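Take 110 as the starting number for the sequence shown in the numbering used here and just add one per residue.
First comes the structure, then the notes that go with it.
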Amino acid sequence: MSITILNPGLLTTVQDFGRIGYQQFGVPVSGVVDPRAMSIANILVDNPEDEAVLECTMLGPQIRFNAPNAIAITGGDLGPTIDNQPIPNYAAIRVEAGQVLRFAGLRSGCRAYIAFAGGLDIAPVMGSRSTYMKAKIGGVEGRKLQKDDVIKFRKPNPDLRGLNIRHISPEFVPRLEYKLRVVLGPQDDMFTEHGIETFLSESYVVTPEFDRMGCRLDGEIIEHKGESGDIISDGIAFGAIQVPTAGKPIIMLSDRQTTGGYTKIANVISADFRILAQLKAGDRVRFAQVSVAAAQDALLTQRAALKTLRTAVSRA
């Protein structure tokens, strides 16, 4: 009861919500870049929301099923097919033994997530199955997937009830410009008034320098009060926007370092990680300031929507 990787694609790794509670020891959280997409995929196949999935970047893998199971694919649209026949995103699909999942090519977004009913048989490391490649921790031998890798299912469940109604509309919508809501701080007081205004009024372009660690942007220079953007190193959260001395922002992602010594002008709110995760080189973004209360309300609204989806699926 397993899958075989026929072609790993550009970058396919095992991820869950990440390795929580170890940053004080220098261990990055890692985990999926798009937590909401992972949650939805797992809910559609009756998994706990924190069940490990495959995160596929830009070009998806080719996977042969050695036993039947149900899957769901969410996040960016990489053109999924079963035996070369298109299948929908954001829907539970039964896959038979011998069938092959392929991806025809990137249509929108950047990262797709594949959830398998019953979960993958991957041993947790420090409480997580997430892959952190730089330290070779978690996942399959701490690395991205390779040709001929075999991953077993723990408790496959191909016979999900109400399979035909386990679907929702894809959430990611391609746009000419994306808005990311942010809460200013913690070092926004180290920028001039003009620098803050620039940050909140100009649009920025994602450069080719983006990976699971961070997303470097290009655009108008954000002005510091002093000559340097350096600070005494402190902790870095997912979505933190660093602005080094050069004045160009960098958004930190899942594989970010645990501490950093650049000023952080703001943090992308959790509810907008689903947009941040799908950005790729050439995409244009603009930042919009919101309050902490508004950020919390947005997150609570998303959690309520996930709870509603879980309830609907359980009644299938």
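Positions of the beta carbon are idealized from the N, C-alpha and C atoms, including for glycine.
This one's a predicted model, so the numbers in the text were calculated from it and none came from an experiment.
For residue i, decide whether its Cβ has a neighbour in chain C, counting only Cβ atoms nearer than 9 angstroms.
i: Y287; result: Of the protein chains in this structure there is only one, and it is not chain C.
First and last residue of the beta strand (DSSP E) that includes residue i?
i: R173; result: Q171 to F174
i: T121; result: L120 to Q124
i: L229; result: Note, L229: premise wrong, no beta strand (DSSP E); not H, not E.
i: F382; result: Here F382 belongs to no beta strand (DSSP E); instead the alpha helix (DSSP H) covers F382 to L385.
i: P279; result: Premise fails: P279 is in no beta strand (DSSP E) and is neither H nor E.
i: E318; result: S312 to F319
i: R211; result: V209 to F212
What residues are listed by DSSP as bridge partners for residue i?
i: V138; result: In the DSSP output, where bridge partners are listed per residue, V138 has none listed.
i: G184; result: A221
i: E164; result: T122 and Y222
i: L326; result: V315
i: S237; result: V234
i: K264; result: In DSSP, K264 forms no bridge with anything.
i: A461; result: This structure cannot speak to residue 461, because the chain is shown only from 110 to 425.
i: P189; result: F212
i: A179; result: R203
i: L293; result: A375
Just reading off the alpha helix (DSSP H) that residue i is part of, what are its end residues?
i: D406; result: V401 to S423
i: G369; result: It is not in any alpha helix (DSSP H) - G369 instead sits in the beta strand (DSSP E) that spans T368 to V377.
i: S342; result: No alpha helix (DSSP H) contains S342, which is instead part of the beta strand (DSSP E) from D339 to G344.
Determine the DSSP secondary structure at residue i, reduced to helix, strand or coil.
i: R361; result: It is Met, not Arg, that sits at residue 361 in the sequence shown. Looking at M361 - three-state DSSP - the assignment turns out to be strand.
i: N273; result: helix
i: R203; result: strand
i: N151; result: helix
i: D298; result: helix
i: G304; result: helix
i: K334; result: coil
i: Q398; result: strand
i: Y285; result: The question names Tyr, but residue 285 in the sequence shown is Leu. In the structure shown, L285 sits in coil (DSSP, three-state: anything other than H, G, I, E or B).
i: L115; result: strand
i: R128; result: coil
i: Q194; result: strand
i: P157; result: coil
i: A355; result: coil
i: L309; result: helix
i: A244; result: helix
i: A146; result: helix
Excluding the five sequence neighbours on either side, which residues of its own chain have a C-beta within less than 7 angstroms of the C-beta of residue i, listed in chain order?
i: I238; result: The residue you asked about is not Ile; residue 238 is Arg in the sequence shown. The answer, listed in chain order, is V123, D125, A161, I231, G247 and G248.
i: N198; result: I182, T183, D186, P189 and P279
i: P137; result: Y241, D364, R365, Q366 and T367
i: R220; result: V142, D143, E164, C165, T166, G184, G185, A386 and Q387
Skipping 5 residues on each side, what residues in its chain have a beta carbon closer than 6 angstroms to that of residue i?
i: I359; result: G323, R325 and Q351
i: M147; result: V141, V162 and Y222
i: R145; result: R383
i: V399; result: R290
Cβ of residue i within 9 angstroms of Cβ of residue j?
i: P117; j: D258; result: yes
i: T113; j: I172; result: yes
i: D339; j: G370; result: yes
i: F347; j: F382; result: yes
i: L115; j: V209; result: yes
i: V154; j: L289; result: no
i: G356; j: K334; result: no
i: K389; j: V315; result: yes
i: M110; j: A176; result: yes
i: A380; j: A407; result: yes
i: G236; j: K264; result: no
i: F262; j: F212; result: no
i: G102; j: P283; result: The shown model of the chain, from 110 to 425, leaves out residue 102, and the question about it has no answer.
Tell me which residues share the same chain as residue i and place their Cβ nearer than 8 angstroms to its Cβ, disregarding the 5 neighbours each side in the sequence.
i: E286; result: S312, R393, V394 and R395
i: V204; result: F174, P177, N178, A179, I180, I191, L210 and P267
i: V422; result: I152, L153, D155, G271 and R275
i: K253; result: P117, L120, T121, T122, T240 and M242
i: A402; result: none
i: E336; result: T354
i: I149; result: A181, T183, Y199, I277, E280, L415 and L418
i: I330; result: T307, A355, G356 and K357
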